[in-house]
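Peer 1:
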Amino acid sequence: QKEVEQDPGPLSVPEGAIVSLNCTYSNSAFQYFMWYRQYSRKGPELLMYTYSSGNKEDGRFTAQVDKSSKYISLFIRDSQPSDSATYLCAIDYSGAGSYQLTFGKGTKLSVIP
Amino acid sequence: NAGVMQNPRHLVRRRGQEARLRCSPMKGHSHVYWYRQLPEEGLKFMVYLQKENIIDESGMPKERFSAEFPKEGPSILRIQQVVRGDSAAYFCASGPRGDYEQYFGPGTRLTVT
Numbered sequence: 007q008k009e010v011e012q013d014p015g016p017l018s019v020p021e022g023a024i025v026s027l028n029c030t031y032s033n034s035a036f037q038y039f040m041w042y043r044q045y046s047r048k049g050p051e052l053l054m055y056t057y058s059s060g061n062k063e064d065g066r067f068t069a070q071v072d073k074s075s076k077y078i079s080l081f082i083r084d085s086q087p088s089d090s091a092t093y094l095c096a097i098d099y100s101g102a103g104s105y106q107l108t109f110g111k112g113t114k115l116s117v118i119p
Numbered sequence: 034n035a036g037v038m039q040n041p042r043h044l045v046r047r048r049g050q051e052a053r054l055r056c057s058p059m060k061g062h063s064h065v066y067w068y069r070q071l072p073e074e075g076l077k078f079m080v081y082l083q084k085e086n087i088i089d090e091s092g093m094p095k096e097r098f099s100a101e102f103p104k105e106g107p108s109i110l111r112i113q114q115v116v117r118g119d120s121a122a123y124f125c126a127s128g129p130r131g132d133y134e135q136y137f138g139p140g141t142r143l144t145v146t
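If you're matching them up, the sequences are chains P and C in order. Read in order, the letters of the first sequence are residues 7 to 119 in the working numbering. Read in order, the letters of the second sequence are residues 34 to 146 in the working numbering.
#1: Is it buried or exposed, P:Y45, if we count other Cβ atoms within 10 angstroms and call 16 or more buried?
#2: Return yes when at least one heavy atom of the ligand GDP lies under 7 Å from the C-beta of P:T56, else no.
#3: Does any CB atom of chain C fall closer than 8 Å to the CB of P:Y77?
#4: Which residues in chain C sit within 8 Å of P:L3, going by Cβ to Cβ distance?
#5: 8 Å is my cut-off, CB to CB: does P:G49 come that close to chain C?
#6: Could you run through the region 60–86 of chain C and flag, in chain order, every residue whose CB is less than 7 Å away from some CB of chain P?
#7: Classify P:P20 as helix, strand or coil using the three-state DSSP reduction.
#8: Using the DSSP secondary-structure output, state which residues sit across from P:N28 in a beta bridge.
#9: Of the residues C:A126, C:S99, C:K84, C:I88, which one's Cα is nearest the Cα of C:Y136?
#10: Drop a sphere of 10 angstroms on the beta-carbon of P:G65, count the other beta-carbons inside from all chains shown, and report buried for 16 or more, exposed for fewer.
#11: Of the choices P:S75, P:V25, P:S74, P:E9, whose alpha-carbon is the least far from that of P:A91?
#12: On the DSSP bridge assignment, give the partners of P:A69 in chain order.
#13: With distance defined between alpha-carbon atoms, name the residue in P:D13, P:N28, P:R47, P:L53 nearest to P:K76.
#14: To the nearest angstrom, report how far apart P:Q86 and P:V19 are at their CA atoms.
#15: Shortest alpha-carbon distance to P:V117 belongs to which of P:D13, P:E21, P:L53, P:E63?
#16: For C:H43, write down the residues that DSSP places opposite it in a beta bridge.
#17: Under a three-way DSSP split, which group does C:R117 fall into?
#18: Between the C-alpha atoms of P:E11 and P:K111, what's the straight-line distance to the nearest angstrom?
#19: Taking just the CA atoms, how far does P:P16 sit from P:T113?
#20: Considering only C-alpha positions, which residue in the set C:A121, C:S99, C:D119, C:E105 is nearest to C:R111?
#21: Roughly how far, in whole angstroms, is the beta-carbon of C:L76 from the beta-carbon of C:F124, given that I think they are within contact range, below 8 Å?
#22: Going along chain P, which residues have a C-beta under 8 Å from C:Q135?
#23: Which residues in chain D sit within 7 Å of P:Y38, going by Cβ to Cβ distance?
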């Protein structure tokens, strides 16, 4: 069963907090993991992608993958009100860099000034 | 550097009418994907196209839905004889290769009355 589970929230944090967003998945046969940010009534925006266990950092964002636990996370440091959006994880289940992404339902984040 | 363009942004159709959704990929991208986002649901893959070819339409409903990506012009997602259950946000994405790296447009929000 190809599934991606994501807590829908909503998640509300004060400005400057560290945010942790998480997804779990069921099928270990894949390699690529993506995080998208979607503002209200807009299209998803690709934030980061990674293909291995461990951490990948980009500015205030860190993506973490734990294949043994089938768990992926996105950390946002020094959160800003402009980070308020829905965050979607997406997984490529083919294990071969395929195009059929399986998305979580998204976690809605609000950063309060 | 224009991103993925979709039009119309909002489309209202009565039951039984046809809906045509258009997508122009990012410059330099020849791979186009369509996804549907139902209310309270995650993005679901529908179809993957290259110029003049449907590569994978395994996510498309068997009836009433079709897609094309002609040699010239935008990709078109066509829904014939729309029903209320077709009301959703339809997103187009494009990429430089046929893999996980996909960039989304702003979406077309279809409302069937």
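Glycine included, every Cβ here is placed at the ideal spot set by N, Cα and C.
Peer 2: Judging by the given coordinates:
#1: P:Y45 sits exposed, since fewer than 16 C-beta atoms from the chains shown fall within 10 Å of its C-beta.
#2: With respect to small molecules bound, the structure shown includes none, and the ligand GDP cannot be examined in it.
#3: no
#4: Outside the displayed span of chain P (7 to 119) sits residue 3 of chain P, for which this structure offers no information.
#5: yes
#6: Close to chain P, meaning a Cβ-Cβ distance shorter than 7 Å, are the following residues of the region 60–86 of chain C: Y66, E74, G75, L76, F78, Y81.
#7: Of the three classes helix, strand and coil, the one that applies to P:P20 here is strand, per DSSP.
#8: P:S79
#9: Ranking C:A126, C:S99, C:K84, C:I88 by CA distance to the CA of C:Y136 puts C:A126 first.
#10: exposed
#11: Among P:S75, P:V25, P:S74, P:E9, the Cα nearest to that of P:A91 belongs to P:V25.
#12: P:K62, P:L80
#13: P:N28
#14: Cα-Cα distance, rounded: 10 Å.
#15: P:E21
#16: The secondary-structure analysis by DSSP pairs C:H43 across a beta bridge with C:R142.
#17: helix
#18: Near 7 Å, if we compare the C-alpha coordinates of P:K111 and P:E11.
#19: 6 Å
#20: Looking at the Cα atoms, C:S99 is the closest of the given residues.
#21: 7 Å
#22: L52, Y105, L107
#23: The structure shown contains no chain D; its protein chains are P and C.
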